[in-house]
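Engineer: Dropping a structure here in structure tokens format, bear with me for questions.
Residue numbers (our numbering), protein chains in the order written: chain A, 1 to 87; chain B, 1 to 214.
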């Protein structure tokens, strides 16, 4: 049982890192995402406007690394306990 | 034997270089010092900035830009004014990081609430109809440190018309793109962060909109 939970922990840790990689690989988590739009202004020129929309992009230092590290640590402990139990 | 006309070309270039300031006026815009105030009703006045460091690229914006300037369409070199950006308006998408940005270690918003650029004069680089490329010279103040800077700006004029009825007066647009070196303004941040997670130089760009006031 402990061994199975350990494997789940490793898979979850890999998932967390994958999530981080897929969401822009930011060092810090973003709770608002900049949306850049290019539109014509009243002068007839194309200008870039930045607006912020609510969102979530997992950061490495304040999210992915501690979570993945914790899961890997838990997995290792469970694996060791499992082996110990089996003798 | 054909001789390349170096002398003629040099003379013509010199004449043109002297002549540009003489024609440095916006076409069809009445002469005279005119006050322009930034106005968000034309379009939101905001600057974008980018910190590109090896460990992190931080894109941010700074809305709430205010200010005014005086411009004479017939004497663009006499441009003066002041643009101000509240430090607390700066956004990075992470509230904790926004708070750190305003902290004492970084921009210290409590002591220096605004980033300002006070324009003292301008050098005209190019005039094309109602559009002019200028080099605005003045004092940039960030983190309580003042530094003389020359910033490229493009100024564009739009005469009052039915299109501009939502805000009275002529409309004036200023676009700019420049960079700011943090160490020039004694922004050190927490030890070891500048150069790794925060760029040593911050790229700033944006377009500001204002209208003429009497």
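For glycine and all other residues, C-beta sits at the position ideal for the given N, C-alpha and C.
Is it buried or exposed for residue 199(B), if we count other Cβ within 10 angstroms and need 16 for buried?
Structural biologist: When all chains shown are included, residue 199(B) counts as buried.
Engineer: Are the CB atoms of residue 36(A) and residue 48(A) nearer to each other than 7 Å?
Structural biologist: Their beta carbons are under 7 Å apart, which means residue 36(A) touches residue 48(A) by this criterion.
Engineer: Under a three-way DSSP split, which group does residue 18(B) fall into?
Structural biologist: In this prediction, residue 18(B) has a pLDDT of 46, which is less than 50 and means its spatial position is unreliable; nothing more can be read from the coordinates.
Engineer: Got a sec: is the Cβ-Cβ distance from residue 17(A) to anything in chain B below 7 Å?
Structural biologist: It does not; no Cβ of chain B falls within 7 Å.
Engineer: Could you please give me the residues that DSSP links to residue 152(B) through a beta bridge?
Structural biologist: Paired residues: 135(B).
Engineer: At a Cβ threshold of 7 Å, is residue 199(B) touching chain A?
Structural biologist: False, the Cβ-Cβ gap to chain A never drops below 7 Å.
Engineer: Answer yes or no: does any C-beta atom of chain A fall closer than 7 Å to that of residue 43(B)?
Structural biologist: Cβ-Cβ to chain A under 7 Å: yes for residue 43(B).
Engineer: According to the Cβ coordinates, are residue 119(B) and residue 144(B) closer than 7 Å?
Structural biologist: Cβ distance not < 7 Å, so residue 119(B) and residue 144(B) don't count as in contact.
Engineer: Step through the CB atoms of chain B and report whether any lies within less than 7 Å of the CB of residue 64(A).
Structural biologist: So, not an interface residue.
Engineer: Given a cut-off of 7 Å on the beta-carbon distance, is the pair residue 68(B) and residue 48(B) in contact?
Structural biologist: Contact flag unset, no.
Engineer: Where does the unbroken alpha helix (DSSP H) through residue 3(A) begin, and where does it stop?
Structural biologist: Run containing residue 3(A): 2 to 22, per the alpha helix (DSSP H) assignment.
Engineer: Starting from residue 97(B), follow the beta strand (DSSP E) in both directions and report where the run begins and ends.
Structural biologist: Here residue 97(B) belongs to no beta strand (DSSP E); instead the alpha helix (DSSP H) covers 95 to 102.
Engineer: Could you tell me how far apart the beta carbons of residue 63(B) and residue 44(B) are, in whole angstroms, since I believe they sit closer than 8 Å?
Structural biologist: Between residue 44(B) and residue 63(B) the Cβ distance is about 6 Å, and since that is below 8 Å, they are a contact.
Engineer: When burial is assigned at 16 or more other CB atoms within 10 Å of the CB, is residue 68(A) buried or exposed?
Structural biologist: Residue 68(A) comes out buried.
Engineer: Counting only Cβ-Cβ distances shorter than 9 Å, please list the residues of the segment 87 to 98 of chain B near chain A, keeping chain order.
Structural biologist: Going along the segment 87 to 98 of chain B in chain order, one finds 91, 92, 93, 94, 95, 96, 97 with a Cβ nearer than 9 Å to chain A.
Engineer: Report yes or no: is there a C-beta of chain B within less than 7 Å of the C-beta of residue 32(A)?
Structural biologist: It does; some Cβ of chain B falls within 7 Å.
Engineer: Could you list which residues in chain B have their beta carbon closer than 8 Å to that of residue 10(A), in chain order?
Structural biologist: What residue 10(A) touches in chain B: nothing, since even the nearest Cβ is about 26 Å away.
Engineer: State the Cα-Cα distance for the pair residue 169(B) and residue 108(B), rounded to the nearest angstrom.
Structural biologist: Roughly 37 Å between the two C-alpha positions.
Engineer: Can you pull the chain A neighbours of residue 48(B), defined as C-beta to C-beta under 8 Å?
Structural biologist: Within chain A, the residues near residue 48(B) are 48, 50.
Engineer: According to DSSP, simplified to helix, strand and coil, what is residue 66(A)?
Structural biologist: Helix.
Engineer: Just reading off the beta strand (DSSP E) that residue 143(B) is part of, what are its end residues?
Structural biologist: Segment: none, residue 143(B) is in no beta strand (DSSP E) and carries neither H nor E.
Engineer: Since residue 43(A) meets chain B, which of its residues come closer than 8 Å, beta carbon to beta carbon?
Structural biologist: In chain order: 156, 158, 171, 173.
Engineer: Per the DSSP calculation, residue 209(B) is bridged to which residue(s)?
Structural biologist: Residue 209(B) is bridged to 173(B).
Engineer: Here's a check: name, in chain order, each residue in its chain whose Cβ is nearer than 8 Å to the Cβ of residue 158(B), leaving out the five neighbours to either side.
Structural biologist: Result list for residue 158(B): 130, 164, 170, 171, 172, 173, in chain order.
Engineer: I'd like to know whether the C-beta of residue 68(A) is nearer than 7 Å to at least one C-beta of chain B.
Structural biologist: Closer than 7 Å: no.
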